[in-house]
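Residue numbers (numbering that gives the first Met the number 0): 0 to 342. Notes to accompany the following structure.
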Amino acid sequence: MTEPLVLGIETSCDETGVGLVRGHELLADSVASSVDEHARFGGVVPEVASRAHLEAMVPTVTRALAAASVRLADVDAIAVTAGPGLAGALLVGVCAAKAYALATGKPLYGVNHLAAHVAVDQLQHGPLPAPVIALLVSGGHSSLLLVPDLTAEIVPLGATIDDAAGEAFDKVARVLGLPFPGGPHIDRAAVAGDRQSIAFPRGKYADGTSDFSFSGLKTAVARWVEAREAAGAPVPLADVAASFQEAVADVLTRKAVAACRATGVDHLVIGGGVAANSRLRALAADRCAAAGLRLRVPRPGLCTDNGAMVAALGAELVGRGVPASTLDFAADSSLPVTQVVAA
Ligand code: KG4
Ligand code: ZN
0 MTEPLVLGIE TSCDETGVGL VRGHELLADS VASSVDEHAR FGGVVPEVAS RAHLEAMVPT
60 VTRALAAASV RLADVDAIAV TAGPGLAGAL LVGVCAAKAY ALATGKPLYG VNHLAAHVAV
120 DQLQHGPLPA PVIALLVSGG HSSLLLVPDL TAEIVPLGAT IDDAAGEAFD KVARVLGLPF
180 PGGPHIDRAA VAGDRQSIAF PRGKYADGTS DFSFSGLKTA VARWVEAREA AGAPVPLADV
240 AASFQEAVAD VLTRKAVAAC RATGVDHLVI GGGVAANSRL RALAADRCAA AGLRLRVPRP
300 GLCTDNGAMV AALGAELVGR GVPASTLDFA ADSSLPVTQV VAA
């Protein structure tokens with residue numbers, strides 16, 4: 000039997016993503032982003048995102064099918080992000096997926112966005128080892144997960160107690176006058192900076208838990224910049240960006256390595272938009288090598304939200320014979336990471 004061909008739909012935030020995956024092979028990854036419409040507000044406006052998904056949905060599906068040279072009738076199953084995410088935005092994807100499933104008679108999987116961020120790595124690096132420790136860092140989440148079975152068992156080890164890592168990047172970028180979303184801008188600005196120049200705080204650094212806190216760091220950067228401005232001194236943008244980025248990457252990688260050690264798991268996978276960060280990738284590589292751990296991080300385009308990650312998880316579920324969702328499952332803005340498939 001050939002590997003299952005799965006269409007994946009992602010609409011949890013501001014990216015309308017449609018991907019096509021056969022087994023672990025990526026066939027198409029079409030993304031329409033409404034990020035430009037949110038930029039002037041400094042954050043994603045849910046209602047604007049929902050409307051943009053509605054407009055982009057059918058054209059993005061059409062583009063993905065054309066890119067993969069397949070027809071809708073060829074797919075074996077459809078997968079869609081059921082949560083977590085913005086309620087209205089999720090609803091557009093879930094309703095579209097249900098309509099496609101009903102029209103084609105194909106099975107439908109409502110899947111967990113966070114599990115999909117982990118599953119996407121398989122498209123680049125092949126089957127994930129089990130168990131694996133996953134560090135998930137995005138605009139809405141910062142979590143450490145023990146993943147014994149991507150399709151059935153995900154154990155949360157810790158999470159942020161306040162801001163997510165990406166949220167901290169976005170808020171600090173705003174303080175520095177950089178556009179939204181701030182992560183890529185800080186990443187670029189930091190290249191010319193000295194990451195040791197300013198000692199920003201590292202929340203919960205040595206507390207022995209797998210939890211994170213980034214709100215104190217964000218406030219510390221804002222206070223530091225304010226103090227410079229009040230003194231009439233120029234703000235060294237590159238140094239602030241590099242020092243802030245270092246603080247985030249330092250805490251994330253330290254805790255991820257500690258989680259591997261504590262659980263005896265020797266593979267770490269990093270996913271989510273912040274996994275695109277160059278310093279996080281470099282420091283994770285150094286620290287995993289020093290600790291004798293194997294590291295997997297997908298290429299940046301697969302780290303930020305996309306439909307291929309949903310299709311990747313869908314293909315894994317189909318391949319393992321996991322039953323599809325019933326057509327009446329709901330979009331769930333706070334779907335827990337322990338629930339991989341919506342009932
Ligand atoms: O996974 P994602 O696309 O959407 C969510 O599920 O939230 O993550 C978006 C987040 C944003 O906060 C963005 O600033 C951050 O990922 N991000 C980055 C980089 N690229 C995207 N943060 C740091 N460095 C980057 N290169
Ligand atoms: Zn995401």
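Glycine included, every Cβ here is placed at the ideal spot set by N, Cα and C.
Cβ pair residue i, residue j closer than 9 Å
i	j	result
Pro130	Asp331	no
Gln244	Ala191	no
Leu89	Thr80	yes
Ser29	Gly306	yes
Ser316	Val339	In the sequence under discussion, the amino acid at residue 316 is Leu, which differs from the Ser named in the question. It is a contact, given that the beta carbons lie within the stated cut-off.
Thr103	Met56	no
Ala144	Ile160	Here the sequence assigns Leu to residue 144, which means Ala is not the residue at that position. No.
Phe213	Asp265	no
Gly274	Pro299	Note that residue 274 corresponds to Ala in the displayed sequence, not to Gly. Yes, the pair counts as a contact, with Cβ atoms nearer than the cut-off.
His346	Gly92	Nothing in the structure corresponds to residue 346, since the chain is present only between 0 and 342.
Gly271	His116	yes
Asp120	Asp304	no
Ala48	Ser33	yes
His140	Leu175	no
Arg253	Tyr204	yes
For residue i: DSSP bridge partner residues
i	result
Leu132	Sequence check: residue 132 is Ile here, not Leu. According to DSSP, which records beta bridges pairwise, Ile132 is partnered with Leu145, Leu267.
Phe211	Thr159
Tyr108	Ala78
Gly16	Glu9, Val30
Val340	Val110
Leu294	Leu267
Arg21	Leu4, Glu24
Glu152	Asp148
First through last residue of the alpha helix (DSSP H) which encompasses residue i
i	result
Arg194	Premise fails: Arg194 is in no alpha helix (DSSP H) and is neither H nor E.
Leu53	45–67
Asp120	120–124
Gly300	299–302
Val234	Unbroken run through Val234: none, as it is neither H nor E.
Arg173	164–174
Gly84	Premise fails: Gly84 is in no alpha helix (DSSP H) and is neither H nor E.
Gly306	306–318
Asp186	181–189
Nonlocal neighbours in the same chain, by C-beta distance under 7 Å from residue i, ignoring five residues either side
i	result
Arg319	Thr150
Gly313	Val5, Gly7, Ala76, Ala78, Tyr108, Val110
Leu251	Leu134, Val136, Ala164, Leu279
Val20	Val5, Gly7, Leu26, Leu122, Ala307, Ala310, Ala311, Ala314
Asp148	Ala129
Leu294	Leu267, Ala283, Ala284, Cys287
Phe199	Leu216, Ala219, Val220, Ser242, Phe243, Ala246
Val74	Leu4, Val5, Leu6, Lys105
Ile197	Trp223, Asp238, Val239, Ser242
Ala171	One point to set straight first is that residue 171 is Val, not Ala, in the sequence displayed. Excluding positions up to five away in sequence, the list reads Gly181, Ile185, Lys217, Val220, Phe243.
Beta-carbon proximity list for residue i, same chain, < 6 Å, skipping 5 on both sides
i	result
Leu177	His184
Thr59	Thr15, Val17, Ser29, Ala31
Asp186	Asn276, Ser277
Pro344	Outside the shown range of the chain, which is 0 to 342, sits residue 344, and nothing can be said about it.
Phe168	Gly181, Gly182, Ile185
Arg227	Val234
Leu292	Cys259, Asp265, Leu267
Val322	As written in the sequence, residue 322 is Pro, which differs from the Val given in the question. Closer than 6 Å at Cβ, skipping near neighbours: no residue.
Ala341	Ala81, Gly109, Ser324, Phe328
Ala248	Arg278, Leu279, Leu282
Residues near residue i in its chain [Cβ-Cβ closer than 8 Å; skip 5 each side]
i	result
Leu326	Lys97, Ala100, Leu101, Leu107
Ala86	Pro45, Ala330, Ser332
Gly202	Phe211, Ser212, Phe213, Ser214, Gly215, Leu216, Val250
Ala118	Leu127, Leu149, Met308, Ala311, Leu312, Glu315
Thr262	Pro130, Ile132, Leu145, Leu156
Any chain B beta carbon closer than 9 Å to residue i
i	result
Ala290	Absent here is chain B; the protein component of the structure consists of one chain.
Review point. Per the contact definition of three or more C-beta pairs closer than 8 Å, is the segment 39–50 in contact with the segment 58–77?
Key: Cβ pair count under 8 Å is below three, so no.
Check your understanding: Does the segment 139–159 come close enough to the segment 247–266 to have 3 or more Cβ pairs within less than 8 Å?
Key -> Verdict: yes, contact present.
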